[in-house]
Amino acid sequence: MNRPINPNSTAVTSTSASSRLSKGWNDLNPDLLLSILSRLSTLDLIAGVYAVCSSWRSAARDPVCWRILDLSDWDAVNARFRALVSFPQVLNRILAFSRAGASVEKLYLPPFADGQDLIFVADRLPNLIYLSLPNPEIQEDEFFLALKKFRFLTGLAVDQNFGTSVNLLSFLQYHCLTEFKLFEHEARLEHHHAMIMCHYLPNLKKLEIPVRLSRQAILTFLEELHGLEYLDISGYQDSVINNEILEKASRLKVFVWHSGRDLGEFVVCSNCGGNESVAEPCQCVLEEKIMEWLANP
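Heads up, the sequence shown is in full-length UniProt numbering, so the first residue is 1 and it goes up one at a time.
What follows is the structure, encoded as structure tokens:
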């Protein structure tokens with residue numbers, strides 16, 4: 001016997017499935033849920049988690065989820081909020097939602113963040129241990145005013161102009177930095193810049209220099225920074241990495257570099273030791289290439 005068809009059965013089934021799904025999210029083990037949320041990006045936490053269910057919203061307020069705030073991609077931030085928002089608005093919203101002001105450890109600021117934004121951060125997140133500040137236009141007095149408020153700062157990423165400034169580095173030496181990064185810059189980092197950095201930041205364990213730098217600057221870092229464990233010189237493009245650098249870098253746990261030889265852009269003459277580009281080789285290189293051509297007609 002055929003049963004009558006309930007026209008609302010599809011809707012009932014859909015609602016029931018949705019209810020079971022929602023209940024499933026709500027019934028997740030709290031520790032497991034917190035472990036999941038702590039792995040999400042700042043943007044996912046800001047714009048997505050609160051819409052899942054009440055248990056997710058509650059778990060997302062845990063300060064553990066907000067130890068790292070990456071706001072460097074501001075276009076993505078605006079896209080998530082579906083509106084043009086200011087940096088103070090976003091930070092205030094995060095702090096109001098998460099109650100994590102004292103627990104934020106690392107902050108990656110957007111490229112436009114200025115001195116006033118930096119002071120705004122220092123007033124609200126004095127316990128930061130790492131700060132990424134790419135804007136090169138910040139005034140030194142604003143920098144100093146903010147840095148005084150970061151009591152536990154051990155890591156900093158700044159523009160090269162700041163990173164080689166005697167005034168700034170002499171101030172930073174009181175923070176005992178162990179991690180330092182310079183943002184890309186047109187000017188090359190030379191030996192005397194490296195000496196200044198090593199003098200004022202002798203306790204560095206991690207150093208990232210994705211900017212153009214001289215070979216002597218690399219050797220200075222390797223020789224003077226005795227506690228160095230991680231060195232990124234991916235901006236080094238003047239010639240290949242030679243055996244002297246590799247030997248001194250062998251004590252490091254991590255050494256990041258890009259060989260000019262791998263790129264096919266530079267060669268080092270084994271006879272005269274010159275660093276010559278392929279476009280303008282030295283006489284030794286020319287003679288070597290001619291002999292290779294004659295030997296392989």
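Positions of the beta carbon are idealized from the N, C-alpha and C atoms, including for glycine.
For residue i, count neighbouring C-beta atoms within 10 Å of its own C-beta (all shown protein chains included) and say buried if the count is 16 or more, exposed if not.
{"i": "H199", "result": "exposed"}
{"i": "F144", "result": "exposed"}
{"i": "L246", "result": "exposed"}
{"i": "G235", "result": "buried"}
{"i": "Y174", "result": "exposed"}
{"i": "D75", "result": "exposed"}
{"i": "H193", "result": "buried"}
{"i": "F152", "result": "exposed"}
{"i": "V256", "result": "exposed"}
{"i": "C65", "result": "buried"}
Under 8 Å by Cβ, that's how I've got residue i and residue j pegged, so tell me the actual separation to the nearest angstrom.
{"i": "E142", "j": "I119", "result": "6 Å"}
{"i": "Y230", "j": "K248", "result": "Wrong, their Cβ atoms sit about 15 Å apart, outside the cutoff."}
{"i": "R80", "j": "L43", "result": "5 Å"}
{"i": "L69", "j": "V77", "result": "11 Å between Cβ atoms; not a contact."}
Residues in the same chain with beta-carbon distance under 7 Å from residue i, minus the five sequence neighbours each way, listed in chain order, please.
{"i": "V166", "result": "I196"}
Would you tell me roughly how many angstroms separate the C-alpha atoms of residue i and residue j, rounded to the nearest one?
{"i": "T164", "j": "F180", "result": "11 Å"}
{"i": "L85", "j": "L91", "result": "Just to set this straight, residue 85 is Val in the shown sequence, not Leu. For V85 and L91, the distance between alpha carbons rounds to 10 Å."}
{"i": "A96", "j": "Q216", "result": "49 Å"}
{"i": "D31", "j": "D73", "result": "30 Å"}
{"i": "E137", "j": "R251", "result": "37 Å"}
{"i": "L109", "j": "P202", "result": "26 Å"}
{"i": "H258", "j": "I233", "result": "8 Å"}
I need the DSSP call for residue i, collapsed to helix, strand or coil.
{"i": "I68", "result": "strand"}
{"i": "E224", "result": "helix"}
{"i": "I90", "result": "Sequence inspection shows Val at residue 90; the Ile mentioned does not correspond to that position. Three-state result, V90: helix."}
{"i": "E142", "result": "helix"}
{"i": "K181", "result": "strand"}
{"i": "E247", "result": "helix"}
{"i": "V256", "result": "strand"}
{"i": "G115", "result": "helix"}
{"i": "L133", "result": "strand"}
{"i": "D31", "result": "helix"}
{"i": "D123", "result": "helix"}
Closer than 6 Å by C-beta to residue i: which residues in its own chain qualify, once you throw out the five before and the five after it? Chain order, please.
{"i": "K149", "result": "A122, P126"}
{"i": "P134", "result": "P111, F183"}
{"i": "E223", "result": "none"}
{"i": "L189", "result": "V211, L213, A217"}
Cutting at 8 Å between CB atoms, please list the residues of its own chain near residue i, excluding the five before and the five after it.
{"i": "K253", "result": "E229, Y230"}
{"i": "R99", "result": "R61, P63"}
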